[in-house]
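Q: Can you read through this structure? Questions will come right after.
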Amino acid sequence: MLKQKLLERNTYTPKSAPPALGTVTLCLNSSKAEGTVMQSLKTSNNTPEEALTPKARGGQDLRVPVIYVLNMRGDPLMPTSPRKARILLKKGEARVTKRTPLTIQLTKPTGEAKQSITLGVDAGYSHVGLSVTTQNKELLSSEVNLRIDMVKLNSDRRQYRRTRRNRKTWYRQPRFLNRVKSKHKGWLPPSVQHKLDTHVKLVKNVLNILPVSKIIVEVGNFDIQKIQNPEIEGKEYQKGSQLGFYNVREYVLHRDNHTCQHCKSKNVPLVVHHIESRQTGGDRPNNLITLCKKCHSDHHEGLIKLKVMKSKPFRAATFMSTI
1 MLKQKLLERN
11 TYTPKSAPPA
21 LGTVTLCLNS
31 SKAEGTVMQS
41 LKTSNNTPEE
51 ALTPKARGGQ
61 DLRVPVIYVL
71 NMRGDPLMPT
81 SPRKARILLK
91 KGEARVTKRT
101 PLTIQLTKPT
111 GEAKQSITLG
121 VDAGYSHVGL
131 SVTTQNKELL
141 SSEVNLRIDM
151 VKLNSDRRQY
161 RRTRRNRKTW
171 YRQPRFLNRV
181 KSKHKGWLPP
191 SVQHKLDTHV
201 KLVKNVLNIL
211 PVSKIIVEVG
221 NFDIQKIQNP
231 EIEGKEYQKG
241 SQLGFYNVRE
251 YVLHRDNHTC
261 QHCKSKNVPL
271 VVHHIESRQT
281 GGDRPNNLIT
291 LCKKCHSDHH
301 EGLIKLKVMK
311 SKPFRAATFM
321 STI
């Protein structure tokens, strides 16, 4: 009876959500793993000997990598060459504190002559570019790809939390003190906040290994209404395309002349369809189209394919204007 109840229990776990990760690797439990070493568990060498002594080959980058240096107090100094770092390590005058990127810390006091170093940050929605330069050369360059799956991850986490609360504390009342009105001033959506925090974290990581004296951040403020309508000006900013309509649905029906955009039929029950899912495309009029009930049902069943193009999103422009 107990087994039958467990099989019938519904935990409302989302199908697309990945299973919870365990602390034990599966291959460690198998008999084949006995006497072997897992490559993924080994610490990789971030500065192989080939990288320290590059060979002159056609099309190969011959720039010698730099080794970042910290003084005895942990403050960053000017980077040094791999040869000098190897000598300091052999003499015991320095020790390795970080392998990615390779950073050494001096064990005795030395001179702390520093040059003027500039950090350039190219902020972006999906990519972040970093470049650290002196007056003569570039010390560090990096391009970081930001996460774009935060909305889905937060949705899965919310579903797991609700399932766990319903399973373990089903006797409690629903939560009500976690609504938008209780959020502090300056609150940002989690996906935007994560990208902003990533920018700050990348800058702090550079400041921990290089004595940066100047930071230049490239930002932009985009006028989305100007992008959609280059001729807009003055009071037209206050008179949007939905002015005079009760809601978005009424505007979309009027825009499409109360006609199904697939079969061109009129005088039939109409619905407003999302071209892209509401979760990713939103409720913007550019993402909505008028369909009759039959075409709407056939499209969701996969019987017909709509000949419409997805509208261009403005997530990147909105993010850059927000930060």
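Its first residue numbered 1, the sequence shown is counted upward by one per residue in full-length UniProt numbering. Positions of the beta carbon are idealized from the N, C-alpha and C atoms, including for glycine.
#1: In whole angstroms, what separates the C-alpha of Tyr160 from that of Gly302?
#2: Return the residue from the list Leu188, Lys114, Pro82, Val121 that minimises the CA-CA distance to Phe319.
#3: Please report how far the alpha carbon of Ser31 lies from the alpha carbon of Thr280, in whole angstroms.
#4: Alpha carbon to alpha carbon, how far is Asn205 from Val212?
#5: Any chance you could list the beta strand (DSSP E) runs of at least 3 consecutive residues sitting entirely within the stretch 62-150, in chain order?
#6: At a threshold of 7 Å, does Pro190 count as lining the ligand NAD (C-beta to nearest heavy atom)?
#7: Decide if Leu291 is buried, meaning its Cβ has at least 16 other Cβ atoms within 10 Å, or exposed.
#8: Would you call the stretch 67-80 and the stretch 95-111 in contact, with 3 or more CB pairs under 8 Å?
#9: Hey, Glu218 and Ala123 are a contact pair by Cβ (cut 8 Å); roughly how many whole angstroms apart?
#10: Could you spell out where the alpha helix (DSSP H) holding Ile227 opens and where it closes?
#11: CB Thr207 to CB Val252, shorter than 8 Å?
#12: The alpha helix (DSSP H) that contains Glu250, what's its start and end?
#13: In terms of DSSP beta bridges, what is Ile289 paired with?
#14: Going by C-alpha distance, which of Gly92, Ile67, Lys90, Val96 is nearest Pro82?
#15: Would Met78 and Gln135 qualify as a contact pair, given that the criterion is a beta-carbon distance under 8 Å?
#16: List the DSSP bridge partners of Lys214.
#17: Need the endpoints of the alpha helix (DSSP H) that Ser191 sits in, please.
#18: Give the secondary structure of Glu231 by DSSP, where H, G and I count as helix, E and B as strand, and everything else as coil.
#19: State buried or exposed for Lys195, treating a residue as buried only when at least 16 other CB atoms are found within 10 Å of its CB.
#20: Could you pull the start and end residues of the alpha helix (DSSP H) that Met320 belongs to?
#21: With distances taken from CA atoms, which of Val268, Met309, Lys310, Gly282 is nearest Cys295?
#22: What's the call for Thr169, buried or exposed, on a 16-neighbour Cβ count within 10 Å?
#23: Skipping 5 residues on each side, what residues in its chain have a beta carbon closer than 7 Å to that of Phe222?
A: Walking through what the data contain:
#1: Position 160 of the sequence shown, counted from the first residue, corresponds to residue 160. Position 302 of the sequence shown, counted from the first residue, corresponds to residue 302. C-alpha separation (whole angstroms): 30 Å.
#2: Numbered from 1 along the sequence shown, position 319 holds the residue referred to as residue 319. If we check each option's Cα against that of Phe319, Leu188 comes out closest.
#3: In the sequence shown, counting from the first residue as 1, residue 31 sits at position 31. In the sequence shown, counting from the first residue as 1, residue 280 sits at position 280. Only weak support exists for where Ser31 lies, its pLDDT of 43 falling under 50; the value from the coordinates is given anyway. In a straight line, the C-alpha of Ser31 is about 45 Å away from that of Thr280.
#4: On the sequence shown, residue 205 is found 205 positions in, with the first residue counted as 1. On the sequence shown, residue 212 is found 212 positions in, with the first residue counted as 1. Each residue's Cα considered, the two are about 11 Å apart.
#5: 67-70, 76-80, 94-99, 102-106, 118-122, 127-133, 138-145
#6: By its list of ligands, the structure shown contains no ligand whatsoever, and the ligand NAD lies outside what it can speak to.
#7: Taking the sequence shown and counting its residues from 1, the one referred to as residue 291 is at position 291. Counting Cβ neighbours within 10 Å, Leu291 comes out buried, since at least 16 surround it.
#8: Yes, the stretch 67-80 touches the stretch 95-111.
#9: Residue mapping note: residue 218 aligns to position 218 of the sequence shown, counting from 1. Residue mapping note: residue 123 aligns to position 123 of the sequence shown, counting from 1. The pair is a contact, with the Cβ atoms about 6 Å apart (cut-off 8 Å).
#10: Along the sequence shown, read from residue 1 onward, the residue named residue 227 stands at position 227. Run containing Ile227: 224-228, per the alpha helix (DSSP H) assignment.
#11: Here residue 207 corresponds to residue number 207 of the sequence shown, with the count starting at 1. Here residue 252 corresponds to residue number 252 of the sequence shown, with the count starting at 1. A small correction: the amino acid at residue 207 is Leu; Thr does not occupy that position in the sequence shown. Against a cut-off of 8 Å, the Cβ pair of Val252 and Leu207 comes out as no contact.
#12: Residue numbering aside, residue 250 sits at position 250 when the sequence shown is read from its first letter. Run containing Glu250: 248-255, per the alpha helix (DSSP H) assignment.
#13: For the purposes of this step, residue 289 is taken as the residue at position 289 of the sequence shown. Its beta-bridge partners are His273.
#14: Within the sequence shown, the letter at position 82 stands for residue 82. Comparing Cα-Cα distances from Pro82 to each of Gly92, Ile67, Lys90, Val96, the minimum goes to Ile67.
#15: Start at 1 with the first residue of the sequence shown, and residue 78 comes out as number 78. Start at 1 with the first residue of the sequence shown, and residue 135 comes out as number 135. No, the Cβ-Cβ distance between Met78 and Gln135 is not below 8 Å.
#16: For the purposes of this step, residue 214 is taken as the residue at position 214 of the sequence shown. Answer by DSSP bridge pairing, in chain order: Thr118.
#17: Here residue 191 is taken as the residue at index 191 of the sequence shown, counted from 1. 190-207 is the extent of the alpha helix (DSSP H) around Ser191.
#18: Stepping through the sequence shown from its first residue, residue 231 is reached at position 231. DSSP places Glu231 in the coil class of the three-state scheme, outside both helix and strand.
#19: Taking the sequence shown and counting its residues from 1, one reaches residue 195 at position 195. The residue is buried, with at least 16 neighbouring Cβ atoms inside 10 Å.
#20: Locating residue 320 in the sequence shown gives position 320, counting from the first residue. Start and end: 315-322.
#21: Counting from one through the sequence shown, the residue named residue 295 turns up at place 295. Nearest C-alpha to Cys295: Val268.
#22: As a first step, residue 169 is located in the sequence shown; it is residue number 169 there, counting from the start. With fewer than 16 Cβ atoms within 10 Å of its Cβ, Thr169 is classed as exposed.
#23: The residue given as residue 222 occupies position 222 in the sequence shown. Excluding sequence neighbours, Phe222 sits near Ala317, Met320, Ser321.
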